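These notes are about the structure you will find just below.
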Amino acid sequence: MGMFKIKPFAVLLPALMAIALMAAPLYAQSVPAAAPTGEAAQTTPLAAPTGSVDVVGGERTVSGLGGISISGLFMHAGPLVKVVLLLLLAASIWTWMIIFNKWLAMSRLHKREQAFERVFWSGRSLDELYSQFSSHNNHPFTAVFLAGFREWHRAFEKGGIRQSQLAGIKDRVAKAMNITISRELDVIQSQLGFLASVASTAPFVGLFGTVWGIMNSFAAIAARHDTTLAVVAPGIAEALCATAMGLMAAIPAAFFYNTFVGSIGRYGNQLDTFADELSGILSYRLDEKAE
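The opening position of the sequence shown corresponds to residue 258 in the numbering used here, with each subsequent residue numbered one higher.
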């Protein structure tokens, strides 16, 4: 299983640089809230506003910068940006549900693996182990053991075994265990595809919201014939909010996808090792019983 690698920052870097280049000249075009009159007008420099500038009926008023919030940005966003934000929020929530569920599942698998190995290597006979585990087949290691031993036991149903049959029996035992391993790993890997999809697509969905927010900013400039931050900032804020939401969904998905893929890969190797050990034990017993 190959590791999933994604670099969302490399994809979004050109867009963020473009936003910075467009926003830079806007900071230099702030208009003073009031100009001095009389003699002071000849000597006093014009003062730029220190807060955000609200445009109401052609007049500008200065307000504080502390009123910006995520909920406020969402409420004032356009319909398309709202859809993008809701979609990314839903993807993020579902991603975290999968992460917690998969984390608990992997913890249970490792605990059951340790319990199985303690019983298996306790010195009990394979027949006793088969009788015990046949009624508690709730673990990949148990399933592999039952599949291999069942195929091995089936070879003795028709009587004795000749030397010419040994190779075929050993091959069937190995195939039965390998098929079981593949099926068990497919179950363990379920829902990892969703994490991979979110990790690869969420930054681009957020980038789509970013582009749309910048387009709205330019539309506002064209409609008001004004390039102050009061006109441009809301659209840029919405755009950056969509980008942040996309990264918030993509980064955990990519990180935990890689984590789970590595953990499942190591678990699969442990299953393969156990299958090889069991195959060796069964092969030795076959050689003893062959005529």
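Every residue, glycine too, gets a C-beta built ideally from N, C-alpha and C. Keep in mind that this is a model prediction, so the values were computed, not measured.
Counting C-beta pairs with one atom in each stretch, the region 378–392 and the region 357–368 have fewer than three that are closer than 8 angstroms, which means they do not touch. Beyond the five residues adjoining it in sequence on each side, Gly537 comes within less than 7 angstroms, by CB distance, of no other residue in the same chain. Taking all protein chains in view, the Cβ of Glu534 is surrounded by fewer than 16 other Cβ atoms within 10 Å, so the residue is classified as exposed. The straight-line gap separating the alpha-carbon atoms of Gly503 and Leu342 is approximately 8 angstroms. Leu423 and Ile355 have their C-alpha atoms roughly 45 angstroms apart. Spanning the alpha carbons of Ala404 and Trp353 requires a straight line of approximately 35 angstroms. Of all alpha-carbon atoms in Ala511, Val430 and Glu374, the one lying nearest the alpha-carbon of Phe413 is that of Val430. In this structure the region 443–458 lies against the region 509–518, because at least three pairs of beta carbons, one per stretch, are closer than 8 angstroms.
In the displayed model, Ala453 falls within a helix according to three-state DSSP. Taking a cut-off of 8 angstroms for Cβ pairs, the region 432–447 and the region 461–470 do not touch, as fewer than three such pairs fall below it.
Here the alpha carbons of Asn515 and Thr467 stand approximately 27 angstroms from one another.
Sorting Ser388, Val376 and Met505 by C-alpha distance to the C-alpha of Leu452 places Met505 at the top.
Spanning the alpha carbons of Asn395 and Ile471 requires a straight line of approximately 54 angstroms. DSSP places His367 inside the alpha helix (DSSP H), whose first and last residues are Pro336 to Phe377. Taken through DSSP and simplified to helix, strand or coil, Gln389 comes out as helix.
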